[in-house]
Amino acid sequence: MARALINLPKTAKAGAVIEIKTLISHPMETGYRPGPDGRLIPRNIITEFVCTYDGEEVFRAELSSASAANPYLTFTTVATKTGTLRFAWTGDNGFSQVEEVGLTVT
Numbered sequence: 304m305a306r307a308l309i310n311l312p313k314t315a316k317a318g319a320v321i322e323i324k325t326l327i328s329h330p331m332e333t334g335y336r337p338g339p340d341g342r343l344i345p346r347n348i349i350t351e352f353v354c355t356y357d358g359e360e361v362f363r364a365e366l367s368s369a370s371a372a373n374p375y376l377t378f379t380t381v382a383t384k385t386g387t388l389r390f391a392w393t394g395d396n397g398f399s400q401v402e403e404v405g406l407t408v409t
């Protein structure tokens, strides 16, 4: 399992723009690097990231072999109501990880 770090405020005023930062540690392989036997090591990357806020998609990224080994993404959204932000990463070889963080809007 990969290790995900998520940074966002726990509370925000209604209508405020909040910054969200995510980092996931994952054993990435581009698929272009040769192994000890000279054959290419199979690709193993995170291919997609989706963030939803109370069920509504607010950010999506499609990642490729050129992505960092530990993808760091930062984006903003508007705090509209108290709810849950859901962060989902998917990738090669059936990789899937989901994290959820609550946000209280005052």
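If you count by the working numbering, then the sequence shown holds residues 304 to 409, one letter each, in order. The beta-carbon is built from N, C-alpha and C at its ideal position, and this holds for glycine as well.
Are residue i and residue j closer than 9 Å when you measure CB to CB?
| i | j | result |
| --- | --- | --- |
| T325 | L376 | yes |
| T380 | I321 | yes |
| L406 | Y356 | yes |
| F378 | I327 | no |
| T353 | E359 | Per the sequence shown, the amino acid found at residue 353 is Val instead of Thr. Going by C-beta atoms, V353 is not nearer than 9 Å to E359. |
Less than 8 Å between C-beta atoms, sequence neighbours within five positions excluded: which residues of the same chain meet that for residue i?
| i | result |
| --- | --- |
| L343 | G334, Y335, R336, P337 |
| E332 | I344, P345, R346, N347, I348 |
Sort the options by Cα distance to residue i and report the nearest one.
| i | options | result |
| --- | --- | --- |
| S367 | T387, A382, D395, G386 | D395 |
| T383 | P312, L311, G318 | G318 |
What number of angstroms, rounded off, separates the C-alpha of residue i from the C-alpha of residue j?
| i | j | result |
| --- | --- | --- |
| F390 | A305 | 13 Å |
| G341 | T409 | 58 Å |
| T385 | H329 | 31 Å |
| F362 | E403 | 14 Å |
| P339 | A372 | 20 Å |
Identify, in the order they occur along the chain, each residue of the same chain with its Cβ nearer than 6 Å to the Cβ of residue i, setting aside the five sequence neighbours on each side.
| i | result |
| --- | --- |
| E365 | E351 |
| S399 | T393 |
For the beta strand (DSSP E) that residue i lies in, which residues bound it at each end?
| i | result |
| --- | --- |
| A391 | 386-394 |
| K324 | 320-328 |
| E365 | 359-365 |
| L411 | With the chain represented from 304 up to 409, any question about residue 411 goes unanswered, as that position is not in the structure. |
| E351 | 349-356 |
| I309 | 306-310 |
Cβ of residue i versus every heavy atom of the ligand FMN: is any distance shorter than 8 Å?
| i | result |
| --- | --- |
| T379 | Of the ligands one can find in the structure shown there are none, so the ligand FMN has no counterpart to examine. |
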